[in-house]
Amino acid sequence: MKKTEFITGSFIALTLVVLLGIFFFQALFQPSYEGKVMPVDNVNLKNRVSLHYVLKNVNNASKYLAMHGMRYFNNRSSVPSQTITYGKSKNLEEGSANEVTSIVVNYRGFDTLGEVTVLFISIIGITMLIGGVVEKKWIKPSLIVRTGSKFLFPFILLFGVYIFIHGHLTPGGGFPGGAVIASGFLLLLLGLENYRFNTKASKVIESLAGLTFVCIGLIGLFTKNSFLANFIPTGTVGLLYSAGMVSLIYVVIGIKVGAELSTGVAELKEGNKND
Amino acid sequence: MISAIFFYSTAFVLFLIGLFGVLTRKNVIKILVSFSITETAVNLFLVTVGYIEGGKAPILTNTIGSIGIHNLKFVDPLPQALVLTAIVIGLGTTALSLVIAIKLYKNYGTLNITKMDGKI
Amino acid sequence: MNMNYALLLIAVPLAVAFLQPLFGMISKKFTKWVTFLTLAFNFVYSLCLLNYVMTNGPQIAVIGNWRPPFGINLYLSALSLFLATIIYFVGTVVSFYFIGIKDKPIDDKLSLVMLLVVGAAGAIVMTGDLFNMFVFIEILSIGTAILIASRDKGLSYKGALKYMIFGSIGSSMLLFAIGFTYGTLGTLNLAEIALRFHEINPTLASFIVLMFTGGVFVEAELFPFNMWVPDSYEGASPHINAILSGIVSTAGIYAIMRVFMTVFGINIGDRIVIYGKLNFNAILITIGVITTAIGELSALTQKNIKKILAFSSMAQMGVIAFAIGIGNQIALTGGIFHLFNHAISKALLFLVAAMIIRNIGSADIDDMEGFGRHNKFLAIIFAIGAFGIIGIPFFNGFWSKMYIIDGAVMRSTPWTYFALSFILGAALIEAFYYFRIIYKMFNDKKITAKNRIHPFAYISVALLAIVVLTVGIYPSLFSNILNHASAGIFDRVQYITTVLGMGVLR
């Protein structure tokens, strides 16, 4: 009886899944004379809004759109732009050499605020729900692990800080940097017997970092009349002191994510005792 | 060069595998594993949307030198930014679901969702 | 007035939420007050903005000084601010109620999550960007799952997990829709998608619509994605259900209305562009009818008051989906009006249910026999809320259902009449089980109260009851706003030109 139920359920699920798959491939391989289809092998950046993010000419594009109307959408590439040279171009609207960072933090910075909030709320949820489930099954770490974790910890911390400070120049940024920092604390939690993670301090750091992010946005609102607007000079592309508030926000995010994930890891190990 | 079709197909087939797993598995942990598969599938799909043949990672460096309208060498950075957000969201969702799974085990003594029915 | 300051509606709850752990170190009670005051500020501010928008037409708020379609923007119209006002109002009342209930050690975190959920719901109804909407839907769904699980019972974890399962699958589908839209049109801005959605190949367009459905139907409690409703509502604390029913589903319905009708333009002048010859309006009507039928019939068989109210909430969502599916302005006005009525009345019912459950220590309606003799005030307030939902004449639900019926009759296709008969039949069933509860309450039986109820709880339900009665007696109170709101859904040109500037149609 149970067996047939399971088979029927699987069969229905399989049918559903196969139908969805057929629909997907049908949607992907439509003839283009009936309307726009998803480009598969001939993707061109010039048909997409991210062209302006790459060329850092969003303000020109807004002016062009206001002037030319509908015609803009068919030739995005005729928006005036300049060639950006590494280490030379100055005072662009946005000075980050890493284009992904410039989108994540500047052009679509509001999404990142939401993203930080998602992480924040889920860690809060974990600390709230985990209370009282922790069982101590502790295997005493060996001498090598103890010494090694003590030795490695500052370097891991340094590497994490390096990643988020250079977020606007190289791959990485606040989230990976924070994750690396949290992995350092994880190493301490696993490797040292008597290590107690200071949850209270990390909570304070986390809260203040989150507040700083919102405050940076609010400074933009009060000085430049728009939330999360850049209020710091953008400098030369490729230098450490460039990209205006992008680097600032990534430092804040790095600290916040590091503190948050460390808290989460520590709560999973030690349980919710500090409250 | 592998065609992008391959990646699209892989992504969607992965999504369907994950969906099938969520629909049919009885063990909470297996359901959560299926979730992670769907999340990975979506991320793969989004990255593929931004893939441009011959494009480099969208970071201006000393070796790339300069970029202009006639000199576009990058893949589309916007889907990568979306994936960055989606990964973090996936992390949050998975972590929270796992904690809920732990609590379910504490409350019911089993991870099988059919055996939980009828108990409070 | 600089509309960019509307961002404070989202930034202030976030900033306060980030600070809540610090406040929690001072006092748990303090965090509850902070949540209440923040939401009250949001309510007052959104009311001011609504007033401004009503006189000056829809506005946008730009983020980071990047004009749309290049940056993220908020779209502030009569509809979005009206719904935001409802959301903040319900949030304020529930958080006020929350101050009164007994302190638990997790209260600081709970009030934080509550604040974020309400803030995210407000952001969903205001945002003008597809991916931004996804991010806030995720905050909403994670927060809601935490709220459901916070009761710390086996059932509540089960409910939370079910909600997470549906929410995660839905959000994966939503991301697929976003990927396809971006890959085809190269944009994420809702106004630009609205401008150019007709360029997309019809089959691909219907696939996008299908995938988008998964993401928002979970929140809106509509048919294939609403299996989480009974378990989650039963598992959660009743005052959390007020948030689930009054806030989360409101945000979900908004996403359906805005994205399906304004952006995808499924409804304009009955021009159906969906796959083959399938009529999307008929599909939405069918979904509405199925949801209503399932909801009302299941509610009829239940004994647990939380489950009854949950199924009733599902059924109301079906009625609203039906109103959207009819797709003329009168029905849509009714739909938005009903959304308002449902949010207020259902929040009222859930809060009263919470007080009753707390007072007598049971959620079974058989144990509530004689409660009306024991506590007349609460029973009468419950009756007011129930009458509002059923649509007894001179209560608020009556007027909104009249609008919907009027619109359905005006559309006058056989399928609409058929569906309408179902909806009306469902309303009769609904009346039956609500009257059963009320009848039981006023039965003559002695019951013993267990726990005292805090005066704040009385104040909050009395406030909601006053709103229900006022709207019922004076239904034209919001008619101006409602007309603007439903007109704004249909007016794609206004949406596009407001966001992208007048020059875009040149």
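Residue numbers (our numbering), protein chains in the order written: chain D, 17 to 291; chain H, -18 to 101; chain G, 4 to 509.
Glycine included, C-beta positions come from ideal geometry on N, C-alpha and C.
Nothing here was measured: the structure is a model prediction, and the numbers come from that model.
Environment of residue i [buried if 16+ CB atoms lie within 10 Å]
i: K19 (chain D); result: exposed
i: N59 (chain G); result: exposed
i: E195 (chain G); result: buried
i: K52 (chain D); result: buried
i: V1 (chain G); result: A question about residue 1 (chain G) goes unanswered here, because the residues of chain G that appear run from 4 up to 509.
i: L284 (chain D); result: buried
i: K62 (chain D); result: exposed
i: D98 (chain H); result: exposed
i: M83 (chain D); result: exposed
i: R257 (chain D); result: The sequence shown places Tyr at residue 257 (chain D), not Arg. Its Cβ having fewer than 16 others within 10 Å, Y257 (chain D) is exposed.
i: L44 (chain D); result: buried
i: L202 (chain D); result: buried
i: V496 (chain G); result: exposed
i: W154 (chain D); result: exposed
i: T44 (chain H); result: exposed
i: R414 (chain G); result: buried
i: I476 (chain G); result: exposed
Residue-chain proximity (residue i, chain G), Cβ-Cβ < 8 angstroms
i: A(-15) (chain H); result: no
i: T133 (chain D); result: yes
i: Y123 (chain D); result: yes
i: N241 (chain D); result: yes
i: N290 (chain D); result: Residue placement at N290 (chain D) is poorly supported in this model, since its pLDDT is 43, which falls under 50; the coordinates are not used for a value here.
i: F55 (chain H); result: no
i: T95 (chain H); result: no
i: E34 (chain H); result: no
CB contact check: residue i to chain H, cutoff 8 angstroms
i: N114 (chain D); result: yes
i: I271 (chain D); result: no
i: F134 (chain G); result: yes
i: S11 (chain D); result: Nothing in the structure corresponds to residue 11 (chain D), since chain D is present only between 17 and 291.
i: K2 (chain G); result: The structure shown does not extend to residue 2 (chain G), since chain G is modelled only from 4 to 509, so the question has no answer here.
i: M167 (chain G); result: yes
Contact with chain D by residue i, beta-carbon distance below 8 angstroms
i: G531 (chain G); result: Any question about residue 531 (chain G) goes unanswered here, given that chain G covers just 4 to 509.
i: I70 (chain H); result: yes
i: I286 (chain G); result: no
i: G272 (chain G); result: Annotation note: pLDDT 36 at G272 (chain G) (below 50); position unreliable, coordinate value reported separately. It does not; no Cβ of chain D falls within 8 angstroms.
i: N59 (chain G); result: no
i: V80 (chain H); result: yes
Nearest-angstrom Cβ-Cβ length linking residue i and residue j, presumed shorter than 8 angstroms
i: I179 (chain D); j: G193 (chain D); result: 4 angstroms
i: S489 (chain G); j: Q332 (chain G); result: 5 angstroms
i: G176 (chain D); j: G200 (chain D); result: 7 angstroms
i: E299 (chain G); j: E433 (chain G); result: 5 angstroms
i: V507 (chain G); j: D127 (chain D); result: Not quite, the Cβ-Cβ distance comes to about 24 angstroms (not below 8 angstroms), so this is no contact.
i: G189 (chain G); j: R124 (chain D); result: Actually they are not in contact, since the Cβ atoms of G189 (chain G) and R124 (chain D) sit about 15 angstroms apart, beyond 8 angstroms.
i: M261 (chain D); j: I149 (chain G); result: Contact flag wrong, Cβ pair sits at about 31 angstroms.
i: A67 (chain H); j: V23 (chain H); result: 6 angstroms
i: A429 (chain G); j: A346 (chain G); result: Incorrect: roughly 19 angstroms between the Cβ atoms, too far for contact.
i: T95 (chain G); j: A20 (chain G); result: 16 angstroms between Cβ atoms; not a contact.
Option nearest residue i by Cα separation, candidates the options
i: E276 (chain D); options: D:T215, D:A259 and D:F247; result: D:T215
i: N344 (chain G); options: G:I327, G:N362, G:F398 and G:I203; result: G:F398
i: A163 (chain G); options: H:K87, H:L77, H:K96 and H:Y89; result: H:L77
i: I248 (chain D); options: D:E110, D:D57, D:N91 and D:G254; result: D:E110
i: G373 (chain G); options: G:I140, G:I450 and G:M320; result: G:I450
i: D370 (chain G); options: G:F353, G:G330, G:F435 and G:F445; result: G:F445
i: G74 (chain G); options: G:R439, G:P241, G:K107 and G:N192; result: G:N192
i: I286 (chain G); options: G:L177, G:E237 and G:G321; result: G:G321
i: N5 (chain G); options: D:G103, D:F238, D:F89 and D:S112; result: D:F238
i: L0 (chain H); options: H:E20, H:S(-10) and H:F(-13); result: H:E20
i: I440 (chain G); options: G:A468, G:I311 and G:V47; result: G:I311
i: I330 (chain G); options: G:G410, G:N307 and G:S301; result: It is Gly, not Ile, that sits at residue 330 (chain G) in the sequence shown. Comparing Cα-Cα distances from G330 (chain G) to each of G:G410, G:N307 and G:S301, the minimum goes to G:G410.
i: G67 (chain G); options: D:G141, D:I119 and D:K104; result: D:I119
i: L53 (chain H); options: H:I33, H:G2 and H:G90; result: H:I33
Please list the residues of the region 187 to 210 of chain G that have a C-beta atom closer than 9 angstroms to any C-beta atom in chain D, keeping them in chain order.
-> T187, L188, G189, T190, L191, N192, E195, L198, R199, H201, E202, I203, N204, P205, T206, L207, A208, S209 and F210
With 7 angstroms as the limit, tell me which residues of the region 141 to 170 of chain D have their beta carbon closer than that to any beta carbon of chain H; keep them in chain order.
-> G141, I142, L145, I146 and V149
For the region 23 to 48 of chain D, which residues have a CB atom closer than 7 angstroms to at least one CB atom of chain H, in sequence order?
-> G25, S26, A29, L30, V33, L36, G37, F40 and L44
Mind listing which residues of the region 334 to 352 of chain G have their C-beta closer than 7 angstroms to chain H's C-betas, in chain order?
-> none
Against chain H: residues of the region 229 to 263 of chain D by CB proximity under 8 angstroms | V253 and G254
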